[in-house]
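What follows is one structure encoded as C-alpha cells, with my remarks underneath.
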Amino acid sequence: MVELLPSILSADFANLARDVAAAERGGGTVVHVDVMDGHFVPNITLGPPVVKSLRKVTNLPLDCHLMIENANDYIPAFAEAGADWISVHYEACPHLHRTLELIINHGVKPGVVLNPATRVEVLEEVLPMLHHVLIMSVNPGFGGQQFIPFTLEKIRKLADIREQRGLAFRIEVDGGVAHDTIAQVVQAGAELLVAGNAVFGGGNAEQNARELLAAARAAAGETA
Ligand code: DX5
Ligand code: ZN
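Residue numbers (this note's numbering): -9 to 214.
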C-alpha cells in the first residue's frame, strides 16, 4: 500500500503542529523528519528536542532521516525523543551493521538511505535487517530540488532484489516527489513517498497532500 510521508523540512517551523495536522487530514500517515548536521550535508536543521515536541502533537509515526556524521552518538537521543523509524546514510556510516544494531536495540525501526550516486548492491548483506530502504532522488541537503530520473532504475532494481530474496523491507523515495513525478516512482516500486515542497511549499497543505496521495494510489492501482 502506498503511503504519503509529509516532510516537515518545507513546513513552517514556527507552526509545526498546525502543518503536520493539515498534512494528516490530507492523508499523510508518517511524518518525515530531516536531520542535517552541516557536515555530511551543507545545511543544518533540527535535533532531538524538535522530535520530542513533535511527539507530543501527533500520533503518526516519526520517520527520522539522519543526514549526519557520527550517527551512533545521536541515535539514543532520537530514540528517547520519540523517533519510530531512524534511517542513516550508507555514505556516512563506516560501521553500518553496528549502527543498525544500535537502532534496533533502541526499539526503533531501522532504515538505510542511499544517495543518488550510490548503487543499491552495497546493501546486499544488511537488507534482511531493514524495515525500509530510502532511495534519495535528489542529493540530500535541501527541499524543493528537481527529481533525478536515473534513480527510478534503482527503485526497480531494489524491488526486484526484494522479490527475488523474499524480503519484507519497504521502499521509500525522497526528493522531488511531486505531481509530475509521483506516478513514475510508484510504478517503479516505491511505496513510502516523501514529499516536502509539494505538500508545504505553497497553497493548502491538506489539499496538496490529498491530491498527491490520490495520484499515487491511482498509479498503484489502489482504490481510495
Ligand atoms: C532532502 C530531504 C527531503 C526533502 C525533500 O535532503 O531529505 O526529505 O524534504 O523535499 P522535496 O519534497 O521538496 O524535494
Ligand atoms: Zn528526507
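By construction, the Cβ of each residue, glycine as well, lies at the ideal position given by its N, Cα and C atoms.
Computed from a predicted model, the values in this text were never measured in an experiment.
Asked	Found
What are the uninterrupted segments assigned as beta strand (DSSP E) that are 3 or more residues long and contained completely in the region 82 to 156, given in chain order?	99 to 104, 122 to 126
By Cβ distance below 7 Å, which residues in the same chain neighbour A199 in space, the five residues on each side in sequence not counted?	L(-6), P(-4), A13, G16, G17, G18, V189
Please check the pair L124 and H55, which I expect to be a contact at CB under 8 Å, by giving their CB distance rounded to whole angstroms.	7 Å
Check each candidate in L202, K147, R146, Q154 and name the one with the smallest Cα separation from G166.	L202
So who's on the other strand from I34, going by DSSP bridges?	D27
Quick check: does the Cβ of L120 come within less than 8 Å of any heavy atom belonging to the ligand DX5?	no
Pick out whichever of L117, Q135, A107, A82 has its Cα sitting closest to the Cα of K99.	L117
Among C83, K42, L142, L6, which has the Cα closest to the Cα of P106?	L142
Within 10 angstroms of the Cβ of F180, are there 16 or more other Cβ atoms? Answer buried if so, exposed if not.	The amino acid at residue 180 is misidentified as Phe; the sequence shows Ala. It counts as buried.
Counting along the chain, where does the alpha helix (DSSP H) carrying P51 start and finish?	No alpha helix (DSSP H) contains P51, which DSSP labels as neither H nor E.
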